[in-house]
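Some notes on the structure that comes next.
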Amino acid sequence: MSEPTGRIVRGIEHGLVGCEACGLVLERPAHGSDCPRCGTPVHARRPESLARSWAFLVAAMILYVPANLLPVLHSTKLFESWSDTILSGVVALWEDGAYDLAIIVFTASIVVPLLKMGALALLLLEVQRGGRQLPRERALLYRILEYIGHWSMLDVFAVALLVTLVHFGALASVEPGSGIVAFGAVVVLTMLATMSFDPRLNWDTPRRRVTSLPAAPAVKPDTAKDPLSP
Amino acid sequence: MTTSTTKIRPDLAICEHCDSVHQRLPLERGEAADCHVCGATLYRRPMLDLDAMLALTVAALIVFVVANAAPLVTMESGGNTTRGWLLSLVATTWTSGVGAVSAILIGTVFLFPLAQILLYFYVLQACRLKQQASRFVDAMHWLRRLRPWSMVQVFLIGTLVSIIKMSHLASVKPEPGLWAFGVLTILLTALGTFELRELWALHEEAANT
């Protein structure tokens, strides 16, 4: 595909804003006004999107440490008992010869969360640095992040089923470890971090990075919310 | 109005991923318009009409009931038989001290998908009957917020992984509940292809006629 850089009409440069919730296109909406169709506050760019995204991302990175160090399962069989972390669970699957499963769990629980946090940090840093390189690729990366977000919850669900089915009284039992709670929190936090990021920032040049429309006329706040505005 | 100069531009579409402005063009059924700048989907005309979507929603509700009423798996070992339902997973995780896992389960696999199905029914019915539904706006906002947090498909794969894992230790048998979750995954995915933004436009048309 040819590079479309020649004539890109960008909303922010023409006083046009698409409502984030319902997609309606508004021309020169007043500052702080709501979408007339769905009532969502209209923003040219999500307010504080970088700060929110960083906050969730840093929290996720911190919790990623206990998620991997703490055991996710405590197992007892006859007089033997042991604990598994996420990684040792994958290793055990591999040693049992269940290579396909080991690869699925390794991808969903280790590769995806790491890639997600790394990729999001990269996007955030690039936007803050004011980088203008490969915006199309960064846009694609963001869409992939949005899509794969919840798949890492797979291990949490797998542990829930194991814990429910395996309790044969004294002979064998499986108890969940606190690592799985930390892991679930990492998944939720990375999803929140991804949702907070405003992908339109990928395309803004630093000079133009403004959070409101330059063309917006000043309107008194009490009149700005009138949903009947034409 | 003197309050603002805001104008609605139904002839335009703005890419939510890169903020580029496009002229809105009429589409054939099943077609999608992609952003020429970043490649994201701008808008689409759904394959299915409202009646078909409503039928899918009713089917999803029935399958949802089956998926939760029937056991997912049975496990036999040393004369003991254990059955697992989704709600028994919620209960055991709650009593084994990982309440957060229990909350994630009941939210992402039970409450949110159920709410999604009921809300879809409400908004589709409002569009189909061309009625001005009083809670349409709220229902649409909740549908949009819930979408990423409904994880039936992830639960299905997680359960399958767990079953294969356990089949080394004991005899594990998939039960009707698991098949129902498989069908529910397909139905919810089909419902998800219906753009909420199209429903906004449809409802607006209905309200204005």
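Note that the protein sequences, when read in sequence, are chains A and B.
Residue 149 in the working numbering sits at position 149 of the first sequence, with consecutive numbering throughout.
Residue 407 in the working numbering sits at position 177 of the second sequence, with consecutive numbering throughout.
Note that the Cβ used here is the ideal one computed from N, Cα and C, for glycine as well.
Quick caveat, the model's predicted, so the values are computed rather than measured.
- At a cut-off of 7 angstroms between beta carbons, A/Pro199 contacts chain B.
- The C-alpha of B/Leu284 is placed about 17 angstroms away from the C-alpha of B/Val295.
- Counting only runs that start and end inside the region 172-206 of chain A, the alpha helix (DSSP H) elements of at least 4 residues fall at 179-196.
- With a threshold of 7 angstroms between beta carbons, A/Trp151 makes contact with chain B.
- CA-CA distance, A/Leu161 to A/Met191, rounds to 23 angstroms.
- Cβ contact annotation for A/Arg132 (same chain, cutoff 7 angstroms, sequence separation greater than five): Thr205, in chain order.
- Under the 7 angstroms criterion on CB atoms, B/Cys357 is classed as non-interfacial with respect to chain A.
- With a beta-carbon spacing of about 20 angstroms, B/Val402 and B/Val320 fall beyond the 8 angstroms limit used to define contacts.
- If the five residues before and after B/Thr338 are omitted, its C-beta is found closer than 7 angstroms to the C-beta atoms of Trp379, Ser380, Met381, all from its own chain and listed in chain order.
- With fewer than 16 neighbouring CB atoms inside 10 Å of its own CB, A/Arg129 falls in the exposed class.
- Boundaries cannot be given for B/Asp279, as no alpha helix (DSSP H) includes it and DSSP labels it neither H nor E.
- Here A/Glu27 carries a strand assignment [DSSP, helix/strand/coil].
- Using a CB distance cut-off of 7 angstroms, A/Cys35 does not count as an interface residue toward chain B.
- By the neighbour-count criterion, in which 16 or more other beta carbons inside 10 Å mark a residue as buried, A/Leu26 falls on the buried side.
- CA-to-CA, the gap between B/Pro240 and B/Arg254 works out to about 8 angstroms.
- At a C-beta separation below 8 angstroms, A/His43 has no neighbours in chain B, since its nearest C-beta there lies roughly 11 angstroms away.
- Three or more Cβ pairs drawn from the region 138-146 of chain A and the region 186-200 of chain A lie within less than 8 angstroms of each other, which places the two stretches in contact.
- Interface with chain B (7 angstroms Cβ-Cβ cutoff): A/Val181 is included.
- Taking 7 angstroms as the CB threshold, B/His247 lines the interface with chain A.
- When CB distances to chain B are screened at a threshold of 8 angstroms, the residues of the region 88-105 of chain A falling below it are Leu93, Asp96, Ala98, Leu101, Ile104, Val105, in chain order.
- At a cut-off of 7 angstroms between beta-carbon atoms, B/Phe366 makes no contact with chain A.
- Cβ contact annotation for B/Ala400 (same chain, cutoff 7 angstroms, sequence separation greater than five): Met305, Glu306, Ser307, in chain order.
- Nearest CB-CB separation between A/Leu26 and chain B: below the 7 angstroms threshold.
- For B/Val331, the nearest CB of chain A lies under 7 angstroms from its own CB, placing it at the interface with that chain.
- Just so you know, the alpha carbons of A/Val127 and B/Ala300 end up roughly 49 angstroms apart.
- Three or more pairs of CB atoms, one per stretch, sit closer than 8 angstroms, so the region 275-290 of chain B contacts the region 406-426 of chain B.
- Chain-order list of chain A residues neighbouring B/Phe385: Phe157, by C-beta distance under 7 angstroms.
- Excluding residues up to 5 positions away in sequence, Ser83, Asp84, Thr85, Gly177, Gly179 lie with their Cβ nearer than 7 angstroms to the Cβ of A/Pro71 in the same chain.
- Nearest to A/Gly39 by C-alpha distance, out of B/Glu435, B/Ala437, B/Trp430, is B/Trp430.
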